[in-house]
Ligand code: AGP
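Residue numbers (my numbering): 18 to 626.
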């Protein structure tokens with residue numbers, strides 16, 4: 018959500034920034050802009066829409082400069098217009114600012130700046146307030162002006178600042194929104210995410226909350242809130258820049274769907290000994306801790322929340338501890354029953370989702386122990402948790418989450434199994450059986466991917482549909498929610514997921530001739546019940562696409578088409594059942610001509626409330 022790139026050095030800031038912003042496109046945006054220092058002035062250019070619009074607009078301009086900041090904006094305050102795009106500047110255009118996040122007291126500050134200083138605002142944004150504040154406080158010391166401005170601001174933000182009166186520096190501030198600093202030779206960078214910088218640097222500093230960094234061509238100094246300089250360890254990025262490229266696939270989403278077998282193996286390998294024992298290195302969950310917990314909350318958003326729904330089934334079944342799953346944006350406002358007997362599990366791919374982070378903090382304040390399941394190493398959720406279980410899916414670029422979901426599921430199974438063994442609710446033999454099943458998933462998943470062409474054919478018949486229902490029972494109901502979300506977010510088809518048994522309590526009224534129903538029937542013990550639910554919708558004219566395990570061919574009698582997944586234990590079937598749904602959503606979206614990796618209105622990492 019919004020992207021920042023800044024550069025200071027001997028290179029051409031304009032090209033480096035545009036290139037970096039393109040790497041951040043996955044975050045979602047609706048306009049882009051750049052400010053560079055040139056001939057004693059700040060030159061600011063902005064365009065609505067994609068970065069290429071901006072690139073084309075400035076392609077013939079001589080904007081050669083060694084200092085600049087750029088931004089992709091996802092509109093919050095004010096429409097996605099050129100005027101509201103970043104960078105924003107102060108009254109005399111000597112200060113330019115790019116900003117991610119939200120300034121909560123911006124209306125108050127705006128009024129104050131207008132009344133006290135006669136500032137006339139040019140945009141509707143909260144960001145312009147920052148530029149104007151720095152402008153009025155500037156008195157020959159940019160760092161001082163930034164500190165004074167930040168002192169007035171409330172909210173969550175990451176900002177980059179340049180000033181024509183001090184062209185030897187680039188200043189960055191972080192509060193809640195992520196910001197990294199790239200350390201080059203005779204040049205330094207800022208960015209809101211690592212992929213933007215990997216072409217240029219591998220050594221980074223992760224800025225912490227309430228820290229300000231001053232970047233010059235040859236140095237980076239980080240200061241804390243009290244303006245004392247702080248030391249920071251250098252993070253050396255080992256993953257390849259290619260991990261953030263499409264590698265021949267048409268879309269990141271498809272590449273990431275295909276990376277799932279590898280991601281799952283990696284997640285398992287990190288936590289299993291060659292003998293199949295689960296090792297939770299760095300996670301200090303003891304038998305006593307577990308006995309102390311009387312409840313577990315799993316809290317997350319979107320796809321991560323859906324992983325939590327399956328996690329609940331796994332933990333309750335294998336470890337016999339009551340689990341509540343909540344969407345993070347609700348959890349924090351409902352005064353939940355949290356105390357020191359609560360284990361709070363946060364699930365997040367990015368580790369920067371503001372709602373999840375806020376819920377985590379709420380739970381921590383009330384004494385809960387925090388365990389997080391996170392993909393991005395060093396992210397805010399990871400840093401603020403007592404224990405972190407990394408998913409090791411590798412960078413996920415497509416807005417629609419796929420490999421993060423399946424690796425999150427693997428983590429939830431491993432946590433459930435570990436707890437079950439620790440509590441004694443699961444025998445060694447049973448645990449070994451589950452581990453064996455999990456280890457077989459990557460190969461089974463490859464077999465589903467081989468059916469890609471069949472799913473594409475089904476998509477060809479179905480892509481014009483305007484309404485889809487996903488139904489399932491037990492763990493399949495969690496997968497239904499995920500299948501439905503995948504479809505709606507990338508194809509913009511109105512889709513709805515519901516526990517199959519709940520259908521008859523109202524929603525079935527919407528089923529009519531030709532309504533598409535995707536029925537997940539992968540649970541052996543619930544298979545017959547699902548067949549009855551399928552019959553109910555068939556009787557009302559639905560077109561049914563069934564998902565079942567190989568061998569359960571009875572489903573063919575009630576369905577119009579069926580995709581089989583390899584046989585597996587009921588508990589782990591979500592790892593396989595979700596894959597046909599990801600592929601179905603992908604192909605339907607492709608046939609409808611949708612922007613698959615960057616769906617409209619969506620952002621990869623939602624860092625606002
Ligand atoms: C998934 O396809 C979505 N784009 C979205 O629901 C996402 O899962 C959600 O915003 C949570 O993100 P996180 O995992 O980074 O916290």
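Note that CB positions come from ideal geometry on N, CA and C, so glycine has one too. Every value quoted in this text rests on a predicted model; they were computed, and no experiment measured them.
Name the two residues that bound the continuous beta strand (DSSP E) containing residue 341.
Residue 341 -> beta strand (DSSP E) spans 340-344.
Please say whether residue 200 and residue 137 have beta carbons closer to each other than 8 Å?
Not a contact, by the Cβ cut-off of 8 Å.
Residue span of the beta strand (DSSP E) that contains residue 180, given as start and end
172-180 is the span of the beta strand (DSSP E), which, as asked, contains residue 180.
Please report the distance separating the alpha-carbon of residue 369 from that of residue 108.
Roughly 33 Å between the two C-alpha positions.
Residue 245 - DSSP class collapsed to helix/strand/coil:
Under the three-state reduction of DSSP output, residue 245 falls in the coil class, being neither helix nor strand.
Other residues of its chain near residue 435: CB distance less than 8 Å, five sequence neighbours each side excluded:
Closer than 8 Å at Cβ, skipping near neighbours: 295, 297 and 302.
Helix, strand or coil at residue 365 according to DSSP, with G and I counted as helix
Three-state DSSP puts residue 365 in a strand.
Burial state of residue 236, where buried means 16 or more other Cβ atoms lie within 10 Å
Burial is judged here by how many other beta carbons sit within 10 angstroms of a residue's own beta carbon; residue 236 has fewer than 16 and is exposed.
Contiguous alpha helix (DSSP H) assignments of at least 4 residues, all confined to the region 515-567:
Taking only runs of at least 4 residues, the alpha helix (DSSP H) segments lying wholly in the region 515-567 are 544-555.
Where does residue 411 land, buried or exposed, given buried means 16+ other C-beta within 10 angstroms?
Classified as buried, residue 411 has 16 or more neighbouring CB atoms from the shown chains inside 10 Å of its CB.
Going straight from the alpha carbon of residue 332 to that of residue 315, what length do you get?
Distance between the alpha carbons of residue 332 and residue 315 is about 11 Å.
Measuring only the C-alpha atoms, how far is residue 600 from residue 271?
Approximately 8 Å, taken between the alpha carbons.
Counting beta carbon pairs with one atom in the region 570-579 and one in the region 447-459, are three or more of them shorter than 8 Å?
Touching, no.
Inter-stretch contact (C-beta, 8 Å, three-pair minimum) for the region 71-84 and the region 126-136
Fewer than three pairs of CB atoms, one per stretch, sit closer than 8 Å, so the region 71-84 makes no contact with the region 126-136.
Within 7 Å: the Cβ of residue 549 and any heavy atom of the ligand AGP?
For residue 549, the distance from the CB to the nearest heavy atom of the ligand AGP is not below 7 Å.
Give me whichever residues DSSP pairs with residue 117 in a beta bridge.
Looking at the DSSP assignment, residue 117 forms a beta bridge with 175.
Short check: CB of residue 437 to CB of residue 335, under 8 Å?
Against a cut-off of 8 Å, the Cβ pair of residue 335 and residue 437 comes out as a contact.
CB contact flag (residue 419, residue 281, <8 Å)
In this structure, residue 281 does not lie closer than 8 Å to residue 419 by Cβ.
Determine the extent of the alpha helix (DSSP H) in which residue 269 is found, giving its start and end residues.
In this chain, the alpha helix (DSSP H) harbouring residue 269 covers 269-275.
Are the region 584-596 and the region 604-615 touching, with three or more C-beta to C-beta distances below 8 Å?
Judged by Cβ distances under 8 Å, the region 584-596 makes no contact with the region 604-615, as fewer than three pairs qualify.
Helix, strand or coil at residue 330 [DSSP, three-state]:
Here residue 330 sits in helix by DSSP.
Exposure of residue 292, with buried meaning 16 or more beta-carbon neighbours within 10 Å
Exposed, by the Cβ-count rule.
If we ignore side chains and look at the alpha-carbon of each, how far apart do residue 457 and residue 367 end up?
Distance between the alpha carbons of residue 457 and residue 367 is about 27 Å.
So, is residue 527 buried or exposed, given that buried needs 16 or more other C-beta atoms within 10 angstroms?
The residue in question, residue 527, is exposed, as its Cβ has fewer than 16 Cβ neighbours within 10 Å.
Might you give, ordered along the chain, the residues of its own chain that have their beta carbon closer than 7 Å to the beta carbon of residue 329, omitting 5 neighbours on each side?
Setting aside the 5 residues that flank it on each side, residue 329 is surrounded in the same chain by 315, 340 and 342, each with a C-beta closer than 7 Å to its C-beta; the list follows chain order.
Answer yes or no: does any C-beta atom of chain B fall closer than 8 Å to that of residue 514?
The chain labelled as chain B is not found in the depicted structure, where only one protein chain is given.
What residues are listed by DSSP as bridge partners for residue 50?
Beta-bridge pairing by DSSP links residue 50 to 63 and 88.
Can you tell me where the beta strand (DSSP E) holding residue 404 begins and where it ends?
Residue 404 -> beta strand (DSSP E) spans 404-407.
Using 8 Å as the threshold, is the region 481-493 in touch with the region 538-555, meaning 3 or more CB pairs across them?
Using a C-beta cut-off of 8 Å, the region 481-493 makes contact with the region 538-555, since at least three inter-stretch Cβ pairs fall below that distance.
Threshold first: 3 residues or longer. Then list the beta strand (DSSP E) segments lying entirely within the region 190-233, N to C.
The qualifying runs are 197-200, 204-208, 220-223 and 228-232.
Beta-carbon separation of residue 88 and residue 174 under 8 Å?
No. Outside cutoff.
Beta-carbon spacing of residue 162, residue 147 below 8 Å:
Inclusion of residue 162 and residue 147 in the CB contact set at 8 Å is not warranted, their separation being larger than that value.
Thinking C-alpha only, which one of 354, 371 and 179 is nearest residue 104?
Nearest in C-alpha terms to residue 104, of all of 354, 371 and 179, is 179.
Thinking residue 417 and residue 503 are a contact (beta carbons under 8 Å), I'd like their distance in whole angstroms, please.
Confirmed, Cβ separation roughly 6 Å.
With H, G and I counted as helix, E and B as strand and the rest as coil, what does DSSP make of residue 265?
Residue state, collapsed to three classes: coil.
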